[in-house]
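To start, the structure itself, in structure tokens.
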């Protein structure tokens, strides 16, 4: 019996799976599996912790490496239960199967799979006649960003099948230890492809990829595995990332496309701030949504115009704030409830069971921090890595330039918000980082990392001490920087009223509702 450490260094270091840093846990595991598949006298049993999100990725990969070479893959889930009877049965089954294999003749021996994997490239020719489908995340933003991509020549189609069916399909095609957002996202994609509405030989998939340590980085890998499982390997998956993880000749973020997409995303942030602030108090029911729809059409027309100038963008930002600012409202006083957490669960209504609508129906005002802040957080992380983790000074300069550029684009809207009667401007990312560093280390950069703590502090400082922290069930980073800091925040800010809500395919909506109502009851008491 050998550990993966003892044989991982014996594997071929030129193997493409071993390009990663050799000290990392998953790299050593893949190296060991690649060595085992070359030896007739070695087999592998993988142990993983029950519910380990990282192993939602590694178990699939090790299975592919071994099964593709005729090896028997065995995985044992280990938790605190002392009874190892189930594990003993699995081990005995493996040994029995190996004895049967020994009786086979040489002609029946396994065929070792190729060492390399060739992904399907999205070519320049494909851009002309391929439809690119993209999963939904934030309707208030994506409804404006989608036309920007279409104007750039891409036949982009935003999916709207974000209901329960998508989750059920995701459970069929994704490792069920993967987090709720990955089930939702991949469920949308596979449900669309299986619907018969798309030409599978002229369809591609667009998916964002952060490059960080979160399971979200593996969405692209999850999608490709689901496609293979469904017999759709010919469909290219385009990774939209800023880390240079993958490139495709047929998909390029030009300056023109970037500018239009940024305009669309920032319009979405502006609408989110204005709509959620005014809708709970509107004097005429439906007037806020009506104004939003009217102004959204103007924004779509702007991002798809021949030449969307910065001056035109700034003027439209001022108009959005001005129009919402003068919307007739009542003089009611309602508790302000912030929403923070994992990015997809925070912004996607179907993923958080329409939390904004629920809060408004319960007589509260929902406050959701900007989507652009997450991009600023990603840039700031590069500054921290250069200062403390040895990355290049050049990377730090680029990150600072990125922060400057985003703030430059956001300035017209921020200025209009600051001078309005009812709204407040977004916080500066440097201030948010400084505040968060007093609670957690800025080295917490997996998933939402320290930024989640920073957003809660931003909400508390801006008059929204009631907070719902939403997260996928079993999201380890959010349990550290979300649930894990609630006690510290309450000690520093006694008026803070924070509840953490888990979301999962099997989560009880009644339980979620009861906990949110309990938080709201405390908020109402403080108002009185």
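Residue numbers (this note's numbering): 6 to 533.
Ideal Cβ positions, reconstructed from N, Cα and C, are used throughout, including at glycine.
Residues in the same chain with beta-carbon distance under 8 Å from residue i, minus the five sequence neighbours each way, listed in chain order, please.
i: residue 15; result: 40
i: residue 28; result: Below a pLDDT of 50, predicted positions are generally treated as unreliable, and residue 28, at 46, falls in that range; no measurement from the model is reported.
i: residue 112; result: Unreliable positioning characterises residue 112 in this predicted model, as indicated by a pLDDT of 46, which lies under 50. A coordinate reading is not provided.
i: residue 26; result: At residue 26 the pLDDT is 39, less than 50, meaning the model places this residue with poor confidence and gives no usable figure here.
i: residue 64; result: 51, 53, 80, 180, 182
i: residue 504; result: 472, 473, 474, 520, 521, 523, 524
i: residue 306; result: none
i: residue 557; result: The structure shown does not extend to residue 557, since the chain is modelled only from 6 to 533, so the question has no answer here.
i: residue 379; result: 348, 453, 456
i: residue 293; result: 280, 283, 284, 287, 329, 332
Does the distance from the C-beta atom of residue i to that of residue j stay below 8 Å?
i: residue 494; j: residue 372; result: no
i: residue 165; j: residue 283; result: no
i: residue 475; j: residue 351; result: yes
i: residue 178; j: residue 231; result: yes
i: residue 370; j: residue 342; result: yes
i: residue 271; j: residue 413; result: no
i: residue 509; j: residue 375; result: no
i: residue 340; j: residue 265; result: no
i: residue 381; j: residue 58; result: no
i: residue 4; j: residue 241; result: This structure cannot speak to residue 4, because the chain is shown only from 6 to 533.
i: residue 385; j: residue 438; result: yes
i: residue 77; j: residue 100; result: no
i: residue 353; j: residue 214; result: no
i: residue 188; j: residue 198; result: no
i: residue 308; j: residue 152; result: yes
i: residue 209; j: residue 127; result: yes
i: residue 499; j: residue 347; result: no
i: residue 400; j: residue 391; result: yes
i: residue 425; j: residue 330; result: yes
i: residue 145; j: residue 276; result: yes
i: residue 529; j: residue 447; result: no
Look up residue i in the DSSP assignment and give the residues it is bridged to.
i: residue 212; result: 244
i: residue 83; result: 54
i: residue 136; result: 160, 208
i: residue 256; result: 253
i: residue 508; result: 477
i: residue 343; result: 372, 472
i: residue 287; result: 334
i: residue 516; result: Residue 516 is not bridged to any residue.
i: residue 502; result: 471
By Cβ distance, which residues of its chain are closer than 6 Å to residue i, with the 5 residues on each side in sequence left out?
i: residue 60; result: 53
i: residue 458; result: 441, 444, 445, 486, 490
i: residue 364; result: 342, 371
i: residue 131; result: 255
i: residue 218; result: 451
i: residue 304; result: 149, 272
i: residue 67; result: 38, 51
i: residue 478; result: 507, 509
Assuming residue i is part of the beta strand (DSSP E), what are its boundary residues?
i: residue 474; result: 471-477
i: residue 89; result: From DSSP, residue 89 is part of no beta strand (DSSP E); its letter is neither H nor E.
Using C-beta distances below 7 Å, list every residue in its chain close to residue i, excluding the 5 sequence neighbours before and after it, in chain order.
i: residue 422; result: 278, 326, 428, 429, 430
i: residue 527; result: 502
i: residue 70; result: 35, 38, 39, 42
i: residue 207; result: 134, 135, 136
i: residue 10; result: 33
i: residue 129; result: 254, 255
i: residue 228; result: 191, 194, 210, 212, 242
i: residue 106; result: none
Considering just the uninterrupted stretch of the alpha helix (DSSP H) at residue i, what are its terminal residues?
i: residue 301; result: 292-308
i: residue 399; result: 398-423
i: residue 377; result: 377-393
i: residue 185; result: 185-199
i: residue 72; result: 60-72
i: residue 42; result: Taken as a continuous stretch (DSSP letters only), residue 42 belongs to no alpha helix (DSSP H), as it is neither H nor E.
i: residue 496; result: 491-497
i: residue 362; result: 360-366
i: residue 432; result: Here residue 432 belongs to no alpha helix (DSSP H), and DSSP marks it neither H nor E.
i: residue 127; result: No alpha helix (DSSP H) holds residue 127; DSSP gives it neither H nor E.
i: residue 173; result: 169-178
i: residue 233; result: 224-234
i: residue 77; result: Note, residue 77: premise wrong, no alpha helix (DSSP H); not H, not E.
i: residue 351; result: 348-352
Compare the C-beta of residue i against all C-beta atoms of chain D and say whether one is closer than 8 Å.
i: residue 462; result: Reference to chain D is not applicable here, since this structure consists of a single protein chain.
Can you tell me whether residue i sits near the ligand SAM, meaning its C-beta is under 7 Å from at least one heavy atom of the ligand?
i: residue 399; result: As far as ligands go, the structure on display features none, and thus does not contain the ligand SAM.
(message) With three or more C-beta pairs closer than 8 Å as the rule, is the segment 190-201 touching the segment 167-180?
(response) yes
(message) Does the contact criterion of 3 or more C-beta pairs under 8 Å hold for the segment 327-344 versus the segment 283-301?
(response) yes
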